[in-house]
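Visitor: Before anything else, here's the structure in question.
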Amino acid sequence: MINTILFDLDGTILDTLMDLTNAVNHTLRKFGYKERTAKQVRSFLGNGAKQLILKSLDGDESQLDEVLSYYMPYYEANSECLTKPYEGIEELLKKLKHNYKLGVVSNKHQKAVEKIIEKYFPNIFDVVIGEQQGVPKKPAPDMLFNALKGLNANIENTIFIGDSEVDIQTGKNAGMDVIAVAWGFRDKDELIDHEPNYLIDEVNDILLLLEGIDK
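Add 49 to a position in the sequence shown, counting from 1, and you land on the number used in the numbering used here.
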């Protein structure tokens, strides 16, 4: 029986795309690089800020550290301008809170994850895991394992919900079932190609699916 649910953040419970795109383009302008479309930024997401910036720079590492050092505090200061929960997510999480342990596992920096969760989902999540020094990021399973430890939960009774191939692979690496959501930052066909355990189209499908799994 499932008693613990771990969520990815960007593209799963929060639509952060426009704030991320605006922060990336502000940074690129600052350093004289060409701007990126929201569609391009969307495709760059999932592996943390360093990979986001590196891909935005077309792989040019010559100023990567400097550009990243500028981007990180700028995004953190401007991460709540256009960001919003996906429709129905807040109501869903409040319902799930009654019967499940809930956690967030994101490749965003720990401080940024804590800040954004406190604003949009206060008193909902029992553990919040972001990027931390010395802990391999998703798709390595370590962040999921740290969340389980913090929740005193086990793999067999936990499911991970995310929107990308990174999340699917993370679950597989941890030996944990994954629900992939089709409303996030990846196309449905791409998610199918990576073979999640479950694939859903609507937020309310999560409740229906969990009820089916636990029967």
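Every residue gets a Cβ at the ideal spot worked out from N, C-alpha and C, and that includes glycine.
Assuming the contact rule is C-beta atoms closer than 8 Å, valine 230 and threonine 61 should be a hit. Round their C-beta distance to whole Å, please.
Guide: Going by Cβ atoms, the distance from valine 230 to threonine 61 rounds to 6 Å, so yes, they are a contact pair.
Visitor: Kindly give me the distance between the Cβ atoms of tyrosine 123 and leucine 106, rounded to whole angstroms, as I take these residues to be in contact under 8 Å.
Guide: 16 Å between Cβ atoms; not a contact.
Visitor: Can you check which of these residues, Gly108, Glu251, Leu151, Val184, is closest to asparagine 206 by C-alpha distance?
Guide: Checking every option, the nearest Cα to that of asparagine 206 belongs to Leu151.
Visitor: List the DSSP bridge partners of glutamate 180.
Guide: His158.
Visitor: Quick check on the DSSP output: what are the complete alpha helix (DSSP H) runs of length 4 or more inside the stretch 167 to 212, in order along the chain?
Guide: Listed in chain order, they are 191 to 200.
Visitor: Entirely within the stretch 95 to 168 and at least 3 residues each: give me those beta strand (DSSP E) ranges in chain order.
Guide: Fully enclosed beta strand (DSSP E) runs of 3 or longer: 150 to 158.
Visitor: Would you please state the rounded distance, in angstroms, between the beta carbons of lysine 146 and isoleucine 173? I believe it to be under 8 Å.
Guide: Confirmed, Cβ separation roughly 6 Å.
Visitor: What first and last residue would you give for the beta strand (DSSP E) that runs through aspartate 223?
Guide: Note that residue 223 corresponds to alanine in the displayed sequence, not to aspartate. Per DSSP, alanine 223 belongs to no beta strand (DSSP E); it is in the alpha helix (DSSP H), 214 to 223.
Visitor: Less than 7 Å between C-beta atoms, sequence neighbours within five positions excluded: which residues of the same chain meet that for alanine 161?
Guide: Around alanine 161: Glu125, Ser128, Gly179.
Visitor: If I follow the unbroken alpha helix (DSSP H) through threonine 76, where does it start and stop?
Guide: 66 to 79 is the span of the alpha helix (DSSP H), which, as asked, contains threonine 76.
Visitor: Taking C-beta to C-beta, are isoleucine 51 and leucine 259 nearer than 8 Å?
Guide: A contact, by the Cβ cut-off of 8 Å.
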